[in-house]
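Inspection log for the structure reproduced underneath, given as structure tokens.
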Amino acid sequence: PYLGRKPTELSGGQQQRVAIARAMIKTPKVFLFDEPLSNLDAKLRNHMRVEIARLHQSLKTTTVYVTHDQLEAMTLADRIVLLKDGVIEQIGS
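Going by the working numbering, the first residue of the sequence shown is number 36, and it counts up by one from there.
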């Protein structure tokens, strides 16, 4: 049902999932996710967090994940970098 739709006909969450899928097809060396779950409701955010973690494990691709959500960071990260005003404050695992 979604294949024939134009990007403007998709919800914000659907557009984000399409963008992730397009990036995966190109098999990059690094993924950069910048607040990919911010436009999703809580239920879908939880589901997508699990899916992104699963994809990260199966693809074994370096992923830089930018978020302000501490739960997302703790759930998805192997290492966490804290920034303040663009300066690294702390790095940990």
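The C-beta atom is built at its ideal place from N, Cα and C for all residues, glycine as well.
Nearest-angstrom Cα distance between residue i and residue j?
| i | j | result |
| --- | --- | --- |
| Val-65 | Thr-97 | 5 Å |
| Tyr-37 | Gln-125 | 42 Å |
| Gln-92 | Ala-77 | 23 Å |
| Arg-57 | Glu-70 | 17 Å |
| Gly-127 | Asp-113 | 9 Å |
Within its chain, find whatever has a CB closer than 8 Å to the CB of residue i; leave out the 5 residues flanking it on each side and keep chain order.
| i | result |
| --- | --- |
| Ile-123 | Val-116 and Leu-117 |
| Pro-42 | Gln-50 and Val-53 |
Does the separation of the CB atoms of residue i and residue j fall below 9 Å?
| i | j | result |
| --- | --- | --- |
| Arg-89 | Thr-110 | no |
| Leu-72 | Glu-44 | no |
| Leu-75 | Gly-39 | no |
| Ile-60 | Ile-87 | no |
For residue i, list the residues DSSP reports as bridge partners.
| i | result |
| --- | --- |
| Ile-115 | Gly-127 |
| Val-53 | Note: Val-53 sits in no beta bridge, so no partner. |
Apply the 10 Å Cβ neighbour rule to residue i and answer buried if 16 or more other Cβ atoms are within range, or exposed otherwise.
| i | result |
| --- | --- |
| Gln-105 | exposed |
| Gln-51 | buried |
| Thr-62 | exposed |
For residue i, I'd like the list of residues in its chain whose CB is within less than 6 Å of its CB, leaving aside the five on either flank, ordered along the chain.
| i | result |
| --- | --- |
| Arg-80 | Leu-72 |
To which residues of the same chain is residue i closer than 7 Å at the C-beta, ignoring the five residues directly before and after it?
| i | result |
| --- | --- |
| Val-101 | Phe-68, Asp-69 and Glu-70 |
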